[in-house]
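Chains as they are written, first to last, in numbering that gives the first Met the number 0: chain Z, 0 to 418; chain X, 0 to 418. We put the beta carbon where it would ideally sit given N, CA and C, even for glycine.
There are 2 protein chains.
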Amino acid sequence: MIRFFNGPVLEPAGVTENEVWVDGTAIAYVGPAQENMPAFDRQIDLNGDLLMPGFKNAHTHSGMTFLRSAADDLPLHKWLEKQVFPAEARLTPESTAAFVKVAFLEYIANGITACFDMYYHTDEIARISRDWGFRTVLCGSFTAGNDWSELYDFYDHYNHDFGPLVSARLGFHAEYTTNREKLEYLSKVCHELKAPVWCHNSETASEVADCIARHGMTPTGLFDTLGLYDYGGGGYHCIYMTDEDLDIFARRGLTAVLNACSNGKLASGFFHLKEAVAKGVHLAVGTDGPASNNALDMFREMYLINIMAKLREENAAAGDPALILDAAVSGGARAMGLTDCDAIAAGKQADMIRIDMGRANMRPVNNVVKNLVYSGNPANVRMTMVAGKVLYENGEFFVGEDPAAVYAEAEKYTRAILG
Amino acid sequence: MIRFFNGPVLEPAGVTENEVWVDGTAIAYVGPAQENMPAFDRQIDLNGDLLMPGFKNAHTHSGMTFLRSAADDLPLHKWLEKQVFPAEARLTPESTAAFVKVAFLEYIANGITACFDMYYHTDEIARISRDWGFRTVLCGSFTAGNDWSELYDFYDHYNHDFGPLVSARLGFHAEYTTNREKLEYLSKVCHELKAPVWCHNSETASEVADCIARHGMTPTGLFDTLGLYDYGGGGYHCIYMTDEDLDIFARRGLTAVLNACSNGKLASGFFHLKEAVAKGVHLAVGTDGPASNNALDMFREMYLINIMAKLREENAAAGDPALILDAAVSGGARAMGLTDCDAIAAGKQADMIRIDMGRANMRPVNNVVKNLVYSGNPANVRMTMVAGKVLYENGEFFVGEDPAAVYAEAEKYTRAILG
């Protein structure tokens with residue numbers, strides 16, 4: 000059993016001074032010190048540092064690290080057509096595995112304990128996730144070119160064959176890369192499996208306009224009409240959503256996954272935070288892939304969501320740091336089906352991080368939550384634990400591989416693909 | 000003498016593989032390894048890490064750390080009137096010193112080697128700067144309530160009495176906190192001293208509108224007409240500048256100091272980057288104070304300047320990472336009169352930082368500059384050297400004070416002021 004003590008703890012009801020004990024993969028106890036303590040295998044003196052649930056990266060393409068800083072500052076379509084797609088066509092399982100490992104090192108060092116990944120060569124990411132001890136939820140990236148009957152196998156395979164750290168959700172790439180026939184088939188699949196459905200949704204204005212031209216409905220309206228949301232789910236980006244789209248999300252309990260850094264870098268635009276919050280839409284936070292971000296940093300996402308809300312509304316009072324922090328932690332867990340990993344509470348999985356309060360950017364401590372959102376950064380992450388196992392502590396990784404070897408392999412494959 | 004070797008070096012002409020030798024406060028040699036090496040006091044194997052000039056924080060209010068996360072998410076005027084001004088009225092030299100130290104720890108850990116500070120109790124910051132070995136340029140924050148004849152003493156005192164690390168520039172708070180008589184007096188002062196002049200300029204739309212109502216001119220037009228720019232200088236923020244204002248800046252060689260994070264958090268608006276660059280306006284980068292930002296992080300500033308340009312122009316190709324990195328380093332040095340600290344070159348002051356390339360966010364290395372701007376963060380700073388002295392290395396400070404004691408003192412004074 001591992002004991003955390005002597006520091007603030009971010010619990011669902013607020014910041015406490017409780018102890019947290021971890022037994023195996025789960026949190027065994029959260030409360031005051033007791034007279035008769037059990038025998039601990041390790042006692043971690045937080046020394047004033049904050050213990051909080053790990054960030055849930057609710058939308059990413061981990062394997063895209065090879066494109067980091069390789070294709071920036073281009074308009075979206077040129078970026079996709081000229082840079083991303085030709086490079087991705089050259090990916091192999093081996094190279095994808097190398098690139099995924101770089102992303103995982105970044106997640107872990109940045110306090111992310113789970114990712115909701117949509118990319119290719121999914122067996123590789125599932126295997127690395129299992130072997131390293133990192134939590135991954137895989138989302139299908141099916142397009143019109145795929146045989147969608149494989150969705151059954153995808154769902155079954157990743158929900159069962161890689162152990163408790165790997166799971167799967169039904170998903171497809173986006174409306175504009177599929178067709179009505181495929182979506183009708185998916186409706187049959189999701190009803191049989193009683194499963195939520197995920198995809199990129201309303202990331203650009205043209206995507207929505209084209210969908211209306213094709214189907215007479217927005218992407219959200221189309222998916223809802225086809226019954227794809229009968230078991231929940233949600234969308235990534237969700238920028239160009241109408242009030243009616245947000246109403247559907249609210250009514251169905253769907254989650255809008257915000258990707259502010261990607262939306263900023265690709266100049267896609269501003270999420271309608273104020274309207275979504277007023278309607279009670281569930282929110283989560285994701286980094287999107289490293290090609291369009293380029294960091295995998297939930298601090299920066301939380302920060303930029305609030306900043307973009309203020310700029311969009313031309314109101315310094317816009318945004319809501321506490322709500323966005325909650326979205327980045329428990330909102331993501333809810334979206335990903337990880338409700339057993341969403342909080343520090345007895346019985347929950349021990350997916351937790353230690354935030355260094357001994358860095359000047361967290362001082363003085365007028366408000367811990369605002370410090371995290373407005374001045375926190377990856378340097379504040381001192382420890383990352385997933386399912387009770389410390390994967391990172393004080394700059395060192397415990398994932399069974401040497402970071403330098405991971406970087407060297409990723410560099411080799413990157414040069415082979417990009418030159 | 001200190002030797003840096005075995006890593007890329009960001010020189011004015013680009014990234015090289017040169018060695019860098021430091022002798023006393025200055026860079027003695029930049030070039031390939033030599034057959035007969037001098038005797039080094041210390042040899043630092045960069046092991047692939049990047050050596051680059053330190054960031055110059057070209058606009059800040061260091062003493063405001065006590066307001067970090069204490070007064071967020073409020074409209075600008077309410078924020079100033081209800082939160083900032085009443086709290087600042089309670090500042091003493093002792094409490095200001097404690098708060099400045101927190102900012103300095105943050106600067107140093109974040110790779111900032113000099114700050115252009117405008118705040119109260121300036122003797123405190125000058126003294127700490129001298130004692131710690133950090134470089135500070137003080138800018139007067141004079142308002143209508145001050146006796147402006149003290150500008151002579153201010154300029155003389157801080158340019159001479161605290162040694163080579165402390166200097167001063169003529170400055171006043173802003174047009175809206177002074178009057179024409181004071182500005183005419185300042186014109187006399189700056190002509191006598193042949194000194195550049197600095198102030199907040201065009202941060203909000205109302206500031207510009209009010210100035211036009213009062214003087215029939217924009218702030219920039221007014222200052223130019225009064226001769227305040229006859230010896231150079233520039234402005235902080237510079238958001239609501241007209242084309243004519245930017246022309247004045249370009250013609251006079253003035254510097255616009257960008258403060259994107261503050262402008263975002265206070266919903267002030269977007270700098271006209273495209274127009275300023277087209278006109279050849281000199282640029283620098285500053286964090287503004289920790290009350291309105293809340294971090295003192297030049298990575299985030301560089302990032303957000305580019306992101307805000309993309310969002311403003313609705314064009315993913317907008318922004319210019321290389322230009323903004325240059326602004327954050329040599330542009331700031333130029334603005335602050337620190338042209339002997341602006342680059343890694345023989346004869347320049349050794350104000351340099353070591354960037355950890357062994358963190359996943361910098362991998363793979365497709366483009367070092369874009370990595371710095373789009374995915375870099377304070378966790379990448381492994382070492383900060385000012386005037387040849389290592390102030391920070393691998394998480395440890397060498398400033399003669401214990402960070403924990405600094406934080407405790409700042410916490411004590413913060414509670415005394417804010418409750």
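Cβ contact annotation for N56 (chain Z) (same chain, cutoff 8 Å, sequence separation greater than five): Y106, I111, A113, C114, F115, V284, G285, T286, L295, M297 and G331, in chain order. Runs of the beta strand (DSSP E) lying entirely within the segment 94-145 of chain Z, each at least 3 residues long, are 111-116 and 134-138 in chain order. For I416 (chain Z), there is no enclosing beta strand (DSSP E); the residue is found in the alpha helix (DSSP H) stretching over P402 to L417.
For E149 (chain X), the enclosing alpha helix (DSSP H) has its first and last residue at E149 to H159. Its chain contains T217 and T219 as the residues whose beta carbon lies nearer than 6 Å to that of D244 (chain X), once the 5 sequence neighbours on both sides are disregarded; these appear in chain order. If you look at F84 (chain Z), you'll find it in the alpha helix (DSSP H) that goes F84 to E87.
Bounds of any alpha helix (DSSP H) do not take in A378 (chain Z), whose DSSP letter is neither H nor E.
For F65 (chain Z), the residues of chain X that pass the 7 Å Cβ criterion are P363, in the order they occur in the chain.
Counting along the chain, the unbroken alpha helix (DSSP H) around A212 (chain X) starts and ends at A204 to H214.
Any Cβ of chain Z closer than 9 Å to the Cβ of E300 (chain X) would place that residue at the interface, and such an atom is absent. Where V188 (chain Z) is concerned, the enclosing alpha helix (DSSP H) starts and stops at R179 to L192. Nearest CB-CB separation between N109 (chain X) and chain Z: below the 9 Å threshold.
Proximity of chain X to R358 (chain Z) at the Cβ level (cut-off 7 Å) is accounted for by A108, in chain order.
A straight-line Cα-Cα distance of about 7 Å links M63 (chain Z) and F98 (chain Z). In the DSSP annotation of this structure, the continuous segment of the alpha helix (DSSP H) that includes D325 (chain Z) starts and ends at P320 to D325. Separation of E274 (chain X) and C237 (chain X) (C-alpha to C-alpha, rounded to the nearest whole angstrom) is 12 Å. Below 8 Å, enough C-beta pairs join the segment 264-271 of chain Z and the segment 305-324 of chain X to call them touching: three or more. P85 (chain X) sits exposed, since fewer than 16 C-beta atoms from the chains shown fall within 10 Å of its C-beta.
Per DSSP, the continuous beta strand (DSSP E) segment holding Y28 (chain X) begins and ends at A25 to G30. The continuous stretches of alpha helix (DSSP H) do not include P289 (chain X), and DSSP gives it neither H nor E.
With respect to the C-alpha of F4 (chain Z), the residue from Z:E10, Z:D341, Z:P31 and Z:P11 having the closest C-alpha is Z:P31. In the DSSP annotation of this structure, the continuous segment of the alpha helix (DSSP H) that includes N305 (chain Z) starts and ends at M297 to E312. Counting only the Cα atoms, R213 (chain X) lies some 10 Å from L221 (chain X). Annotation: H76 (chain X) to K193 (chain Z) spans about 52 Å, alpha carbon to alpha carbon. From the beta-carbon of N314 (chain Z), the residues of chain X found nearer than 9 Å are P74 and A266.
When the Cα atoms are used, E123 (chain X) and S94 (chain X) turn out to be separated by approximately 10 Å.
Here the segment 147-164 of chain Z makes contact with the segment 125-138 of chain Z; the two share three or more CB pairs at distances below 8 Å.
Shown here for G387 (chain Z): same chain residues with a beta carbon closer than 8 Å to its own, the five before and five after excluded, namely I1, V21, D22, G23, T24, A25, Q348 and A349 in chain order. Considered as a whole, the segment 237-295 of chain X harbours 254-257 and 281-284 as its complete beta strand (DSSP E) runs of no fewer than 3 residues, in chain order.
Distance check between A102 (chain Z) and each of X:V372, X:R179, X:P363 and X:T383 places X:P363 closest, using alpha-carbon atoms only.
Inter-residue distance for L417 (chain Z) and L90 (chain Z) is about 11 Å (C-alpha atoms, whole angstroms).
Of all residues in the segment 78-107 of chain Z, only W78, V101, L104 and E105 come within less than 7 Å of chain X when Cβ atoms are compared, listed by chain position.
Using a Cβ distance threshold of 9 Å, H156 (chain X) and C198 (chain X) do not count as a contacting pair.
Checking the DSSP bridge columns, you'll see H199 (chain Z) partnered with Z:A173 and Z:Y235. If you draw a straight line from the Cα of I352 (chain Z) to the Cα of F153 (chain X), it is about 48 Å long.
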